[in-house]
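Note sheet for the following structure.
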Amino acid sequence: MATVKLLYFASLRDAAGVAEETLGTTAADLRALYAELRERHGFVMPLERIRVAVDGAFAKLDDDVRDGSEIAFIPPVSGG
Amino acid sequence: MATVKLLYFASLRDAAGVAEETLGTTAADLRALYAELRERHGFVMPLERIRVAVDGAFAKLDDDVRDGSEIAFIPPVSGG
Amino acid sequence: MRRFWLSDATIDATPLRARLLDARAGAFASFEGWVRNHNEGQSVDGLRYEAYVALAEAEGERIIEEALRRFGAIDAVCTHRIGDLAIGDMAVWVGVSAAHRGMAFDTCRWILDEVKSRVPIWKHERYVDGRSDWLHPREVDPTASGE
Amino acid sequence: MRRFWLSDATIDATPLRARLLDARAGAFASFEGWVRNHNEGQSVDGLRYEAYVALAEAEGERIIEEALRRFGAIDAVCTHRIGDLAIGDMAVWVGVSAAHRGMAFDTCRWILDEVKSRVPIWKHERYVDGRSDWLHPREVDPTASGE
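Residue numbers (this note's numbering), protein chains in the order written: chain A, 1 to 80; chain B, 1001 to 1080; chain C, 2001 to 2147; chain D, 3001 to 3147.
Dropping the structure here:
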């Protein structure tokens, strides 16, 4: 069981209804964690369109969910 | 016999020693006129590197020398 | 000195350009993204940019360092707005100084393309008809997409 | 209103950019040529630009009209200095507003390349060692040559 802080942006924040939350999870990796969050918040954004960052740096979906980390699932960006 | 006004720029002006002059010429076309001016002023710039303008518009070296026209032989440009 | 940052107030290009003045530079290319009154066939009323600030600024710095190394330009700066913007407001500014013009243009364009595709900033458009939406582009096409 | 002209005094980009503001424009690309302190391995002290003014201004207008037609940008302006310039002075300014960034960059670069190759303006460089020379480039290579 890992306790993580989740950050939500743009349409994911609107769907979650919060900008951040702290959550206990048994997800094996970040991919599984996103699947869990899709259930929890009804996210429609498919995993293929998502990037992930851990503690302020881009990470891989295969990475473990580290206890105490800050995780952001990043929907397609539209700056510029 | 045509009387023309000649304008000189950049290295051609330095070589001619004047910015403009009026000249009587029997040259058949602008190409021949340039040959005449190379003799007259010792221009070293070969014809292949020269463009020509007549009365403020680019012209062709095959064009006739029109009486009363204003002619500029234009060495390679270097603006920008 | 940092070369990329997010700005929550109007961008003033004058001091940014001044930072890039350099006696070795023969070329300066700059780009501004402006909020335009339409996008993909819809009339736009205004928009909001939101960012994951810490990651956006780190990624922006990386892009500029990479660009300077790749193209050999002298220096570059980029800043991107966050918050509410009206039609005509500047959303992003990129400036590049270089010895030659090819380098300046290539670097400027590359930085802009990378910022658009990699930096976690999101645009929320408000339309004239009252609707509004987050933009999550399907795919970034650097030759065709708008600013 | 003319879109290309020669200027015998310092170029101020601010009013030129302001002319191009347009609610339909999402992109603004601009380029400045600066006098740099070296050229082709020689230390440059300063320079002078001379032009065949009437033909240069007519040809410059033609280039901008052609560019707008070719790339579909909204508007463009270019001005080029004549007279004496010091290191760091602006020699040329090109600005383009367009719906999208690709158009803005392409138009800006094309105008600059055409001005360099077609407009009767000549550069007379003074070198630190006291010599000076007219520049009559052998061949214009838009990807490699300096400003």
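From the three backbone atoms N, C-alpha and C, an ideal C-beta is built for every residue, glycine too.
Practice item. Just the C-alpha distance for Leu3016/D and Leu47/A, rounded to the nearest angstrom, thanks. Key: 47 angstroms
Check your understanding: Taking 8 angstroms as the CB-CB limit, is Phe3004/D close to chain C?
Key -> It does not; no Cβ of chain C falls within 8 angstroms.
Exercise for review: Kindly identify the DSSP beta-bridge partner or partners of Cys2078/C.
Suggested key: Phe2004/C, Val2094/C
Check your understanding: Just curious, the beta strand (DSSP E) that Ala2051/C is in, first and last residue?
Key -> From DSSP, the beta strand (DSSP E) with Ala2051/C extends over 2042 to 2051.
Exercise for review: Taking a Cβ distance cut-off of 9 angstroms, strictly less, list which residues of the region 3052 to 3077 of chain D are near chain C, in chain order.
Suggested key: Residues passing the 9 angstroms Cβ filter: none.
Point to revise | Gly2060/C - DSSP class collapsed to helix/strand/coil | key: Reduced to three states, the DSSP call for Gly2060/C is helix.
Exercise for review: Compute the Euclidean distance between the alpha carbons of Trp3134/D and Leu3021/D, then round it to the nearest angstrom.
Suggested key: 38 angstroms
**Study point:** Alpha-carbon to alpha-carbon, Leu3085/D and Pro3120/D
**Key:** 18 angstroms
**Study point:** Local Cβ density within 10 Å of His3090/D, reported as buried at 16 or more and exposed below that
**Key:** Before going on, a small fix: residue 3090/D reads as Met here, not His. Under the 10 Å beta carbon count, Met3090/D is surrounded by 16 or more other beta carbons and is classified as buried.
Practice item. Check Lys2116/C in the structure and name its three-state DSSP category. Key: DSSP places Lys2116/C in helix when its eight states are reduced to three.
Point to revise | Ala2050/C and Trp2122/C closer than 8 angstroms at C-beta | key: Here residue 2050/C turns out to be Glu, not Ala, going by the sequence shown. Yes.
Review point. By the criterion of Cβ-Cβ separation under 7 angstroms, what are the contact partners of Glu2050/C in chain A?
Key: Per Cβ cutoff of 7 angstroms: Phe9, Ala10.
Check your understanding: Any idea what DSSP makes of Gly169/A, helix, strand or coil?
Key -> A question about residue 169/A goes unanswered here, because the residues of chain A that appear run from 1 up to 80.
Check your understanding: What residues of chain D sit near Pro1076/B, judged by a beta carbon separation below 7 angstroms?
Key -> His3136, Pro3137
Check your understanding: In angstroms, rounded to a whole number, what distance separates the CA positions of Ala3056/D and Ser3007/D?
Key -> 12 angstroms
Check your understanding: Using Cβ-Cβ distances below 9 angstroms, what residues of the region 2087 to 2116 of chain C are close to chain A?
Key -> Those would be Ala2091, Val2092, Leu2112, Asp2113, Val2115, Lys2116, in chain order.
**Study point:** Close-in-space but distant-in-sequence residues of the same chain around Trp3034/D (CB under 8 angstroms, 5 per side omitted)
**Key:** Leaving aside the five residues that flank Trp3034/D on each side, the residues in its chain whose CB is nearer than 8 angstroms to its CB run, in chain order, Gly3088, Asp3089, Met3090, Ala3091, Glu3147.
Review point. How big is the Cα-Cα spacing for Arg2024/C and Tyr3127/D?
Key: 15 angstroms
Review point. Among residues of its own chain, excluding the 5 on either side of Asp1029/B, which ones have a beta-carbon nearer than 8 angstroms to its beta-carbon?
Key: Leu1061, Asp1062, Asp1063, Asp1064, Val1065
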